[in-house]
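Single-structure report; data block below.
Residue numbers (full-length UniProt numbering): 1 to 357.
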């Protein structure tokens, strides 16, 4: 017998198990099926996902695409061994960026890379992705699972998401008629969402608390569970408000960079957002982070959402009707301020009042 026949290596010997990958695909098929919607009804496993825009009800659509990840929030999920919700975060970070442009999310694809594939861990993650897709009304039409020994340690993984949406031509946001004295509404966040977690992890390290310790800011949860509360998905309430009122002029998803980086992205150069910080109902998690880490309010506002995950700009006469529709759809709506003329060379966000940390 030759030495080659006796000692021949396999892909599994190198750390990649194709059979384990196939097992995970079978585990996630029911979750993927649960996200079917008009325009998408295929099975995963092909070389690409298909979507029929005409079946989705569009006549002259403009496609809008977004991609994102979950960031170092994943490290908390890994260290706390809780993987059920980060998939929701992955979807939220992408689809919220679509709806701010007036687009309906249509389909989603994920990329999951790990050092050693654990089918149960992988299925938990994809189940979360499917849950996020159902909440956003988009179909999970494909993805990639990459087992990469040597690139990632056993147990470590990374996620990336890609979403495509559409809006009928001429209905994209922001609109061209944003004006001084338009009203700024804020939609409450569910917590830290998926930004600033490198600072969050540093603060937790300073606190000396373990991930399984009781959360100091939320009863009935461990610290890990409380920090892993998933990013809120605003898609369906905002689409309802857009379609029923036609009054929304601009939306801004408050992610990394907070108010000062995200709000000006949707404003004309001649206008600024005047925000009353005292009107923001700050969730206890942010007060704990600021106090424990000695983080100043200005740094909190440019790192975290501080309690407001989405900004809505409407004309003053439409603010009540839009607020009622959003509240009826389950959102907590906060009157935040108004649009004002921007001073020459001035900032795109002007603060009034004090943040209630």
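Just so you know, even glycine gets a beta-carbon here, dropped at the ideal spot from N, CA and C.
Predicted model only: the values in this text are computed from it and were never measured.
Cβ-Cβ distances below 6 Å link residue 223 to 209, 211, 213 and 215 in the same chain, with the five nearest sequence neighbours on each side left out; the list follows chain order. The residue among 127, 145, 63 and 146 with its C-alpha nearest the C-alpha of residue 105 is 63. In the same chain as residue 15, and ignoring 5 residues on each side of it, the C-beta atoms closer than 6 Å to its own belong to 149, in chain order. Remark: C-beta atoms of residue 21 and residue 90 do not approach each other more closely than 9 Å. Membership of residue 67 in the beta strand (DSSP E) is indicated by the continuous run 61-69.
In terms of Cβ geometry, residue 173 and residue 326 do not form a close pair [threshold 9 Å]. Ranked by how close their Cα comes to the Cα of residue 334, the residues 343, 153, 319 and 10 have 319 in first place. Only buried fits residue 231, as 16 or more other CB atoms lie within 10 angstroms of its CB. The residues 258 and 259, in chain order, have a CB closer than 6 Å to that of residue 301 in the same chain once the five nearest residues on each side in sequence are set aside. Counting other Cβ atoms within 10 Å of its Cβ, residue 77 reaches 16 or more and is therefore classed as buried.
In this structure, 95 is the residue among 47, 87, 65 and 95 with its C-alpha nearest to the C-alpha of residue 253. Counting the other CB atoms within 10 Å of its CB gives residue 249 a total of 16 or more, which places it among the buried residues. Membership of residue 249 in any alpha helix (DSSP H) is not indicated; the residue belongs instead to the beta strand (DSSP E) covering 248-253.
Sequence-distant Cβ neighbours of residue 264 in its own chain, meaning closer than 6 Å and more than five residues away, are 348. With the rule of 3 Cβ pairs closer than 8 Å, the region 123-142 counts as touching the region 97-111.
Beta-bridge annotation (DSSP): residue 174 is not paired with any residue.
In the pairwise beta carbon analysis, the region 165-172 is classified as not touching the region 282-302: fewer than three pairs are separated by under 8 Å.
Assigned with DSSP and collapsed to three states, residue 304 falls in coil, not helix or strand. Residue pairing from DSSP places residue 37 in a beta bridge opposite 40.
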